[in-house]
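In my numbering, the protein residues as written are 27 to 335.
Below, the structure is given as structure tokens:
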């Protein structure tokens, strides 16, 4: 194995360890609760908080220690205008809706083929958990940790191989890490776009904010709109109509702006960011190595288990 494949193999194994540690911590804590306070296991808010802590907080020190062994490169910091940030919001929301549609279409086709409904675990969680859980865990905690894990820590170590390599790797690892087909497509699209923004600006706060916005739209705003739609079935009220119309207007404006600017991004520019180490066969170096093969195989198995289980 050459030095480049070995580099990406370490990356793959480190992210695999992150995922495996999350599962191990969940098993340990949930079993302890089953022995001491089994009633907690019937509360979706408690179990979901435990899952989030196990996914992000508990494995983080070990993962960071492993990744710290890999040399980082500084990315030039650049401010963007308010107009540019609004455009980024529109593009992010557009990619979310496109990815969601792709996920719905593909899971629907698979459900019909398998004659079994493929559940959307995240949507089930959003619908079942309390609103404060959606705000604190899904809308705030998850974006912060995910942007640090899959953008800053990863890209700071891979940018020397070029922006294209970093974007593709960040998007792929981020999408697979979600572990289900419903989220795979929009996580892939948004993960790539967030990677682009981080490389272009060097500021993780931009991608965290965008991630916060998209998660709030998906976990909080969507519930409010759905509730208003349900209310209209029994009685027509002005507040519900305003909420629904506002959502539709935001969606329409964002989608229009997003599509227009996505079509303009024929070739991304990165403020003179140059590839320090060019790879003759970048995809082969990135993915055809022991670490990445194990990582990809592990999450493909998890996705298949979610579909067939």
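Glycine residues also receive a C-beta, built at the ideal position from the N, C-alpha and C atoms.
Nearest-angstrom Cα separation, counted from residue j out to residue i
i: residue 37; j: residue 169; result: 21 Å
i: residue 298; j: residue 231; result: Confidence in residue 298 is poor, its pLDDT being 49 and thus under 50, which makes the residue's placement too unreliable to answer from.
i: residue 117; j: residue 321; result: 29 Å
i: residue 35; j: residue 312; result: 8 Å
i: residue 287; j: residue 188; result: 23 Å
i: residue 167; j: residue 84; result: 13 Å
i: residue 198; j: residue 219; result: 12 Å
i: residue 260; j: residue 248; result: 19 Å
i: residue 276; j: residue 165; result: 19 Å
i: residue 184; j: residue 303; result: 10 Å
i: residue 272; j: residue 309; result: 43 Å
i: residue 50; j: residue 75; result: 16 Å
i: residue 234; j: residue 217; result: 11 Å
i: residue 128; j: residue 285; result: 16 Å
i: residue 135; j: residue 101; result: 42 Å
i: residue 318; j: residue 39; result: 7 Å
i: residue 265; j: residue 146; result: 30 Å
i: residue 54; j: residue 126; result: 33 Å
i: residue 173; j: residue 289; result: 25 Å
i: residue 7; j: residue 263; result: With the chain covering only 27 through 335, there is no way to say anything about residue 7.
Three-state class that DSSP yields for residue i in the structure shown
i: residue 235; result: helix
i: residue 228; result: coil
i: residue 189; result: helix
i: residue 102; result: coil
i: residue 245; result: helix
i: residue 95; result: coil
i: residue 48; result: helix
i: residue 40; result: helix
i: residue 28; result: coil
i: residue 155; result: coil
i: residue 206; result: coil
i: residue 81; result: helix
i: residue 304; result: coil
i: residue 58; result: helix
i: residue 146; result: coil
i: residue 261; result: coil
Delimiting residues of the alpha helix (DSSP H) encompassing residue i
i: residue 281; result: 264-290
i: residue 74; result: 70-78
i: residue 173; result: 168-173
i: residue 177; result: That residue, residue 177, is in no alpha helix (DSSP H); it is neither H nor E in DSSP.
i: residue 308; result: 308-313
i: residue 121; result: 108-140
i: residue 334; result: 316-334
Sub-9 Å separation of residue i and residue j beta-carbons
i: residue 148; j: residue 71; result: no
i: residue 215; j: residue 124; result: yes
i: residue 1; j: residue 59; result: Because the chain is modelled from 27 through 335, residue 1 falls outside the range shown and cannot be assessed.
i: residue 29; j: residue 205; result: no
i: residue 47; j: residue 239; result: no
i: residue 78; j: residue 161; result: no
i: residue 106; j: residue 283; result: no
i: residue 196; j: residue 155; result: no
i: residue 236; j: residue 114; result: yes
i: residue 171; j: residue 86; result: yes
i: residue 211; j: residue 202; result: no
i: residue 194; j: residue 225; result: no
i: residue 31; j: residue 270; result: no
i: residue 140; j: residue 334; result: yes
i: residue 227; j: residue 104; result: yes
i: residue 56; j: residue 68; result: no
i: residue 186; j: residue 99; result: yes
Sufficient close CB pairs (3 or more, under 8 Å) joining the segment 174-187 to the segment 241-256: Short answer: they don't touch.
Check whether the segment 89-98 touches the segment 254-271, taking contact to mean three or more Cβ pairs, one atom from each stretch, closer than 8 Å. Judged by Cβ distances under 8 Å, the segment 89-98 makes no contact with the segment 254-271, as fewer than three pairs qualify.
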